[in-house]
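A.B. asks: Under the numbering used here, think of the first position of the sequence shown as 1, with each following residue one higher. Backbone N, C-alpha and C fix where the C-beta goes; we use that ideal spot for every residue, glycine too.
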Amino acid sequence: MISSFSPVTLNWQLSSSGFQSMILNRSWFGSKIDSKNFSSAFSPETDIFCSSQSTRPLAEGKSGRNATAQASLLLGSRMLAILIYRQVTMMAPRLLLFTFALLVIHLSNTLGGKILVFPLDGSHWVNMKVLIEELHSRGHNVTVIRTSDSWYISENSPLYTSVTLSCRGGFEENFEVFLSQQLELQLQRKSSSFWSHIWTNIQKERLVLDQFSQFHKAVADTVVHMFEDKSLMESLHAAKYDVVLTDPGIGGGAMLARRLQVPLVFNVRWTIQGEAHFLMAPSPLAYIPFTATELTDKMTFGQRVKNVLSYIAGMYTLSYITEPAYKPIVRHYFGPDVHYSTFFLNADIWLMRSDFVFEYPRPTMPNIVYMGGFQCKPPNALPTDLEEFVQSSGDHGVIIMTLGTLIGKLPQDISEEIAEAFGQLPQKVIWRYMGQRPTNLGNNTLLVSWLPQKDLLGHPKTRAFVTHGGTNGVQEAIYHGVPVVGLPLFFDQPDNLSRIKSKGAAVIVDIATLDRHIFKEALTTILYNSTFKENMQRLSKLHRDQPIKPLDQAMFWIEYVMRHKGARHLQTQSHRMSWFVYSSLDVILTLLAVGLFLTFICISLVRLFCKMILNGKKMKHE
């Protein structure tokens with residue numbers, strides 16, 4: 001029976017000491033094997049199945065058959081153990097990798113935080129999504145609250161779990177009408193007189209105020225619907241979120257954080273009352289330009305008058321247009337003594353989508369974190385068709401034109417003027433355009449419905465960027481060092497472009513006066529005056545020269561708030577003071593009163609002393 005086994009050579013490496021010790025202490029081999037003899041017993045030179053020394057004693061025993069059976073059983077068990085050992089050692093790397101993957105997944109689910117996001121739709125969602133992608137990659141669980149008529153926020157996404165709220169419909173259509181009306185009023189200034197120009201500006205402001213009023217009423221309705229949905233609020237409470245991340249351009253997220261008693265982080269550039277610093281930080285109007293003034297930090301007397309009047313108008317808008325939409329909600333859900341602005345001032349961290357390469361120097365606060373350009377990154381390779389078009393430009397390079405996510409087309413006459421100017425240039429042009437094709441479009445111009453803006457701006461052949469002046473686009477131009485031709489339309493766009501212009505890296509064209517000659521002159525100035533390129537390259541170097549990337553900075557502070565359950569120690573007490581106390585008027589008036597009193601006492605004593613002297617002299621004379 002034994003002689004029927006064929007010789008088998010065992011080829012493996014005894015690399016797993018843990019598995020080896022397990023085998024040594026088991027009886028799979030018929031008897032225990034000490035560790036000294038383990039390697040020799042199973043070395044390739046040892047044939048444990050055919051060794052004459054191991055089989056002869058069994059064969060020559062008195063019980064031959066029993067011995068043979070025992071030998072067969074022993075060798076069979078040994079062979080099985082060896083095969084198991086070989087299989088396990090071969091699978092060990094795979095098992096280790098699989099176990100490690102399971103461990104990573106487990107740790108991600110157990111150590112990752114729970115983040116509730118209440119975003120603002122439109123272009124604001126573009127940069128909020130960048131934060132969500134990074135948070136997801138770090139193992140955090142993200143929940144996004146969206147409305148049923150959301151423009152860009154998908155209901156299904158691998159990055160987050162969505163909670164969809166019913167919302168008053170038709171806002172997108174109303175907003176498109178608003179944009180077209182704004183553009184129409186902008187163009188009316190082309191041939192208007194001075195007084196007509198003033199009247200047009202008044203109409204524009206009234207249109208903006210009406211739209212803002214409708215917008216905030218819609219947000220307020222959404223908040224009421226959310227708070228009245230008991231099952232939804234119970235589920236949000238039960239989820240025990242670590243932080244609420246929101247955009248303070250709307251008030252819903254800040255109120256929700258207060259309702260849930262959860263730390264609050266803002267992804268912010270603008271609040272309901274304008275540029276965020278004016279709500280949060282000291283903002284001396286002598287050198288801090290107010291929203292939509294297009295002023296710099298170096299103002300003449302007349303400009304400072306304009307700045308103060310603009311600030312007063314902004315406060316009027318906040319008090320009589322925006323806050324009335326939220327006051328009933330605040331009173332009903334939080335009490336009559338709570339002011340709407342406290343929801344913003346109590347935010348733990350303000351992630352500011354700006355930096356001091358782009359912004360003018362100004363006072364700030366400890367809980368303001370600057371992350372300007374956080375969405376910027378090195379360019380990826382272009383799609384084949386675009387790369388071929390760009391390469392066909394030769395040494396002349398390409399011009400990129402896009403007016404952002406809100407404006408897909410311009411009036412036909414304006415488009416014709418722009419197309420004519422492009423056609424007279426040797427550069428190639430990639431133009432994001434969704435309207436009727438201009439009849440005079442040059443052979444050097446490619447119309448596209450979408451373009452990879454970041455990748456094109458980072459291409460070495462890109463020479464100029466024609467933009468409306470949105471924050472994202474301007475910061476990406478700074479990051480890649482591409483000079484700008486600006487066509488500001490509304491909102492923050494004129495202010496953004498005026499900042500770049502003041503730094504010598506942009507030329508601004510008023511769309512109301514735009515024609516082919518003016519537009520071509522602006523393009524040739526940017527293309528052939530090297531100063532603009534040099535200035536933008538300098539801004540790019542300043543922006544990139546940071547100890548930590550802006551996105552990593554943002555992630556650190558979000559996770560910081562999660563680790564420490566807030567950042568109240570960074571909040572200044574100034575927000576809890578009345579303007580009277582904040583300005584130290586009580587102290588000034590008290591000191592003034594004391595000074596007047598002491599002055600009165602001194603004067604009275606002097607008069608009394610003088611009177612006593614006069615009376616003494618009079619008595620002596622008598």
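1. Within 10 angstroms of the Cβ of V330, are there 16 or more other Cβ atoms? Answer buried if so, exposed if not.
2. Whose C-beta lies closer than 6 angstroms to the C-beta of L441 among residues of the same chain, with five residues either side of it excluded?
3. Would DSSP call N444 helix, strand or coil?
4. Quick check on S162: does DSSP put it in helix, strand or coil?
5. Around the Cβ of C610, are there at least 16 other Cβ atoms within 10 angstroms (buried) or fewer (exposed)?
6. In this structure, how does DSSP classify A381 when only helix, strand and coil are distinguished?
7. Hey, would you say G252 sits closer than 8 angstroms to F374, going by beta carbons?
8. Out of curiosity, what's the CA-to-CA distance linking S623 and Y560?
9. Identify which residue in L487, G469, L165, F465 has its Cα closest to the Cα of H480.
10. Does the Cβ-Cβ distance between P411 and D348 come in under 8 angstroms?
11. Near A505, what residues of its chain come up, given a Cβ to Cβ distance below 7 angstroms and the 5 sequence neighbours on each side ignored?
12. Considering only the alpha carbon of each residue, which of P366, F490, G397 lies closest to I407?
13. According to the neighbour-count rule (16 or more other Cβ atoms, all chains shown, within 10 Å of its Cβ), is V594 buried or exposed?
14. Grab me the residues of E323's own chain with a C-beta within less than 7 angstroms of its C-beta, minus the 5 sequence neighbours each way, in chain order.
15. Quick one: does G397 have its CB under 8 angstroms from some CB of chain C?
16. To the nearest angstrom, report how far apart N109 and F343 are at their CA atoms.
17. Applying the 10 Å Cβ sphere with the 16-neighbour rule, what's the burial state of Y528?
18. What do you reckon, are the CB atoms on L116 and V244 nearer than 8 angstroms?
19. Which value, in whole angstroms, describes the spacing of the CA atoms of L120 and D492?
20. Within 10 angstroms of the Cβ of L309, are there 16 or more other Cβ atoms? Answer buried if so, exposed if not.
21. State the start and end residues of the unbroken beta strand (DSSP E) segment that holds M352.
22. Is the separation between the beta-carbon of M371 and that of Q553 shorter than 8 angstroms?
23. State the beta-bridge partners of T147 as determined by DSSP.
24. Near E417, what residues of its chain come up, given a Cβ to Cβ distance below 8 angstroms and the 5 sequence neighbours on each side ignored?
25. Excluding five sequence neighbours on each side, which residues of the same chain lie with their C-beta closer than 6 angstroms to the C-beta of S574?
26. Could you give the DSSP three-state label for N141: helix, strand or coil?
27. How about the region 272-280 and the region 348-363: do they share at least three Cβ pairs that are nearer than 8 angstroms?
28. Candidates Q436, Q391, T439: which alpha carbon is nearest V429's?
29. For the candidate residues H216, E228, V223, R259, whose alpha-carbon lies nearest to that of N237?
30. Take L403 and list the residues in its own chain whose beta-carbon comes closer than 6 angstroms to its own, dropping the five residues that flank it on each side.
31. What does a CB cutoff of less than 6 angstroms around T161 pick up in its chain, not counting 5 residues either side in sequence?
32. Once you ignore the five residues that flank A522 on each side, which residues in its own chain have a CB closer than 6 angstroms to its CB?
33. If you run the structure through DSSP and keep just helix, strand and coil, what is W450?
34. With DSSP collapsed to three states, give me the class of L489.
35. Can you say whether V474 is buried or exposed, counting buried as having 16 or more other CB atoms within 10 angstroms of its CB?
36. Would you kindly work out how many angstroms separate the C-alpha atoms of D545 and E476, rounded to a whole number?
C.D. replies: Judging by the given coordinates:
1. So V330 ends up on the buried side.
2. So the list reads A419, once near-sequence residues are dropped.
3. Residue state, collapsed to three classes: coil.
4. When DSSP states are grouped into helix, strand and coil, S162 belongs to the strand group.
5. Exposed, by the Cβ-count rule.
6. DSSP places A381 in coil when its eight states are reduced to three.
7. No, these two residues do not count as a Cβ contact at 8 angstroms.
8. Beyond the ends of the chain as shown, which are 1 and 622, falls residue 623; an answer cannot be given.
9. Nearest of L487, G469, L165, F465 to H480, Cα basis: F465.
10. If you check the CB distance, P411 and D348 do not come in under 8 angstroms.
11. Result list for A505: P483, V484, F532, N535, M536, L539, in chain order.
12. Comparing Cα positions, the closest option is F490.
13. Here V594 is exposed: its Cβ has fewer than 16 other Cβ atoms, across all protein chains shown, within 10 Å.
14. Excluding positions up to five away in sequence, the list reads Y340.
15. In summary, chain C is missing from the structure at hand, where a single protein chain is found.
16. Residue confidence is low: N109 scores 45 on pLDDT, short of 50, so the model does not pin down where it sits. Its coordinate-derived value is still stated next. Cα to Cα, N109 sits roughly 31 angstroms from F343.
17. Within a 10 Å sphere around the beta-carbon of Y528 sit fewer than 16 other beta-carbons, which makes this residue exposed.
18. Taking a C-beta distance under 8 angstroms as the contact criterion, L116 and V244 qualify as a contact pair.
19. Taking the straight line joining both Cα atoms gives about 16 angstroms.
20. Per the 10 Å Cβ criterion, exposed.
21. 349-352 is the span of the beta strand (DSSP E), which, as asked, contains M352.
22. Yes; because the gap between Cβ atoms is below 8 angstroms, this pair is in contact.
23. For T147, the beta-bridge partners assigned by DSSP are L165.
24. Close CB contacts of E417 within its chain, under the 8 angstroms cut and outside five residues either way in sequence, are with L514, D515, R516, F519 (chain order).
25. By the criterion of a C-beta distance shorter than 6 angstroms, S574 is surrounded in its chain by Y582, once the five residues flanking it on both sides are discounted.
26. Residue state for N141 is assigned as strand, using DSSP reduced to three classes.
27. They touch, by the three-pair rule.
28. For V429, the nearest C-alpha among the options comes from Q391.
29. The sequence shown places His at residue 237, not Asn. It is R259.
30. Excluding sequence neighbours, L403 sits near H468.
31. Contacts found: T143.
32. Its chain contains V485, V507, V509 as the residues whose beta carbon lies nearer than 6 angstroms to that of A522, once the 5 sequence neighbours on both sides are disregarded; these appear in chain order.
33. For W450, the three-state secondary structure derived from DSSP is coil.
34. In the structure shown, L489 sits in coil (DSSP, three-state: anything other than H, G, I, E or B).
35. Flag for V474 reads buried.
36. Their Cα atoms are separated by approximately 15 angstroms.
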